[in-house]
Amino acid sequence: MNKLWQQWAKTARLMVGVKDYDAYVASRRRFNPNAEVMSREAFFRRCQDERYGGQSMKKCPC
């Protein structure tokens with residue numbers, strides 16, 4: 092039941108445009124294990140700035 096809830100929450104976040112921090116971390120570790128990973132707060136802030144017109148972003152952090 093917990094796994095179902097987690098999957099539902101992930102789907103709901105993606106539906107409203109909130110990017111998945113855990114997917115970001117997995118991707119960074121898979122493609123460049125030595126790369127620095129943003130904190131959850133920094134990742135959220137960057138995605139919010141990108142979405143709502145903060146500083147212009149050239150590339151998604153994901």
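Under the working numbering, the letters of the sequence shown match residues 92 to 153, in that order. Glycine included, C-beta positions come from ideal geometry on N, C-alpha and C.
A distance below 9 angstroms separates the beta carbons of residue 120 and residue 128.
Cβ contact annotation for residue 102 (same chain, cutoff 6 angstroms, sequence separation greater than five): none.
Annotated three-state conformation of residue 140 is helix, per DSSP.
At a Cβ-Cβ threshold of 9 angstroms, residue 112 and residue 142 do not count as neighbours. Look at residue 110 here: in three-state DSSP terms it is coil, with no helix or strand label.
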